[in-house]
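K.L.:
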Amino acid sequence: MNDHAVKYWSGDAAYEVESFYRQSGFFLVKVEANVSNIKEDKNSWLAVLRVSEGPHYRFGKISVVIVEDSMGAFSVNKLKAREGEPYVEEDLSLDQRQITRVLGNAGFVRARVAEESIQKDSLRQWTSCIA
Amino acid sequence: MDVLYRVNRGRAVVFDTLLVKARRMAPMDSLEGLTRESLLRDLIPYHRGDTLRIDQNDKVIEKLQSTGIFNSVRLEDSTPGAGTGSALILEVEERCRVI
């Protein structure tokens with residue numbers, strides 16, 4: 001291990017921590033890594049990760065639109081993401097799977113579900129799709 | 132954070148026929164499988180006109196995989212044309228058995 005490698009690994013750790021926070025709804029998180037040598041021992045380093053969480057986002061309106069069927073309805077009560085609850089990225093993929101499964105058990109085995117998330121304060125938008 | 136799930140539902144798929152493809156693993160994959168086709172057919176819970184269901188399909192796959200004699204099990208539907216029923220294709224690859 002040398003200074004260069006320690007800086008690399010601590011930067012990597014900062015990135016992982018940031019990803020973890022983002023997946024939990026802290027979209028504006030910033031993580032800084034600072035590395036310093038411990039004076040008595042040149043083979044030891046002190047890595048400090050400073051986390052600025054920022055606001056914790058929550059789910060807003062959750063809706064399901066069945067594209068080619070104006071009469072089609074899907075109860076959002078069956079979904080994991082709920083209005084007012086803290087944002088968890090994993091809930092979105094679980095919901096996509098749940099919708100696909102419910103429709104698949106009604107014969108629509110080729111149903112495709114795309115998810116669009118809109119961050120209201122910045123109008124930033126994410127889209128994902130599962131087949 | 133508002134979330135919109137946009138669903139492209141497609142048509143409900145209705146079972147029409149079953150195609151079974153059983154083969155052995157490489158290097159003998161050009162040979163037909165040893166598993167009796169009727170045995171595989173009996174596992175399929177559909178009759179002509181039944182609506183396909185994901186859970187039922189998954190159960191068939193799980194049953195076959197749990198026997199431990201197949202490397203891979205696939206169950207897929209294919210609709211030859213609009214308005215027609217589905218051809219369900221069951222494809223299995225048998226594991227080599229050393230006797």
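From first to last, the protein sequence lines are chains A and B.
Read left to right, the first sequence gives residues 1 to 131 (the numbering used here).
Read left to right, the second sequence gives residues 132 to 230 (the numbering used here).
Glycine is no exception: its CB is placed at the ideal position from the N, C-alpha and C atoms.
So, does the CB of N202/B fall closer than 9 Å to a CB anywhere in chain A?
P.N.:
Your numbering for residue 202/B matches position 71 in the second sequence. N202/B does not count as touching chain A.
K.L.:
For R22/A versus E89/A, is the C-beta distance shorter than 9 Å?
P.N.:
As a working mapping, residue 22/A is identified with position 22 in the first sequence. As a working mapping, residue 89/A is identified with position 89 in the first sequence. Taking 9 Å as the Cβ cut-off, R22/A and E89/A qualify as a contacting pair.
K.L.:
What does N105/A touch in chain B if you count any residue whose Cβ is under 7 Å from its own?
P.N.:
For this step, residue 105/A is matched to residue 105 along the first sequence. Ordered by position in chain B, the residues that pass the 7 Å Cβ test against N105/A are R184, I185, D186.
K.L.:
Counting only Cβ pairs nearer than 9 Å, list the residues of chain B close to Q23/A.
P.N.:
The residue given as residue 23/A occupies position 23 in the first sequence. By Cβ distance, chain B contributes nothing, its closest Cβ being about 13 Å from Q23/A, past 9 Å.
K.L.:
For F59/A, which residues in chain B fall below 7 Å Cβ to Cβ?
P.N.:
What you label residue 59/A is simply residue 59 of the first sequence in a count that begins at 1. Within 7 Å Cβ-Cβ: M132, V134.
K.L.:
For the 8 Å Cβ check, are there 3 or more pairs between the stretch 73–90 of chain A and the stretch 9–21 of chain A?
P.N.:
No contact exists between the stretch 73–90 of chain A and the stretch 9–21 of chain A.
K.L.:
What three-state label does DSSP hand L137/B in the structure shown?
P.N.:
Residue numbering aside, residue 137/B sits at position 6 when the second sequence is read from its first letter. One point to set straight first is that residue 137/B is Arg, not Leu, in the sequence displayed. Here R137/B sits in strand by DSSP.
K.L.:
What residues match up with V151/B in a beta bridge as DSSP calls it?
P.N.:
As a working note, residue 151/B is residue 20 in the second sequence. Bridge partners of V151/B: L221/B.
K.L.:
Within the 9 Å Cβ cut-off, does V144/B reach chain A?
P.N.:
Within the second sequence, numbered from 1, the residue matching residue 144/B stands at position 13. Cβ-Cβ to chain A under 9 Å: yes for V144/B.
K.L.:
Distance check for F27/A and N43/A, CA to CA, integer angstroms please.
P.N.:
Sequence index remark: in the first sequence, residue 43/A carries index 43 (1-based). Sequence index remark: in the first sequence, residue 27/A carries index 27 (1-based). Approximately 36 Å, taken between the alpha carbons.
K.L.:
Put E7/A into one of helix, strand or coil per three-state DSSP.
P.N.:
Indexing the first sequence from 1 puts residue 7/A at position 7. The sequence given here places Lys at residue 7/A; Glu does not occur at that position. DSSP places K7/A in helix when its eight states are reduced to three.
K.L.:
Hey, Y136/B and I118/A are a contact pair by Cβ (cut 8 Å); roughly how many whole angstroms apart?
P.N.:
Here residue 136/B corresponds to residue number 5 of the second sequence, with the count starting at 1. Here residue 118/A corresponds to residue number 118 of the first sequence, with the count starting at 1. Not confirmed; about 13 Å, so no contact.
K.L.:
Using 10 angstroms around the beta-carbon of M1/A, count the other beta-carbons present and answer buried if the total reaches 16, otherwise exposed.
P.N.:
In the first sequence, counting from the first residue as 1, residue 1/A sits at position 1. The residue in question, M1/A, is exposed, as its Cβ has fewer than 16 Cβ neighbours within 10 Å.
K.L.:
Should D208/B be flagged as near chain A, meaning a C-beta pair shorter than 9 Å?
P.N.:
The residue you call residue 208/B lines up with position 77 of the second sequence. Answer yes: the Cβ-Cβ gap between D208/B and chain A drops below 9 Å somewhere.
K.L.:
What span of residues does the alpha helix (DSSP H) with V102/A cover, start to end?
P.N.:
Position 102 of the first sequence, counting from 1, holds the residue named residue 102/A. Per DSSP, V102/A belongs to the alpha helix (DSSP H) from 89–104.
K.L.:
Give me the Cα-Cα distance between V223/B and Q196/B, rounded to the nearest whole angstrom.
P.N.:
Counting from one through the second sequence, the residue named residue 223/B turns up at place 92. Counting from one through the second sequence, the residue named residue 196/B turns up at place 65. C-alpha separation (whole angstroms): 10 Å.
K.L.:
For the candidate residues A106/A, D3/A, H56/A, L92/A, whose alpha-carbon lies nearest to that of D41/A?
P.N.:
Looking up residue 41/A in the first sequence gives position 41. Residue D3/A is the option with its Cα nearest to D41/A.
K.L.:
Quick one: Cα of V151/B to Cα of G25/A, how far?
P.N.:
Numbered from 1 along the second sequence, position 20 holds the residue referred to as residue 151/B. Numbered from 1 along the first sequence, position 25 holds the residue referred to as residue 25/A. Cα to Cα, V151/B sits roughly 47 Å from G25/A.
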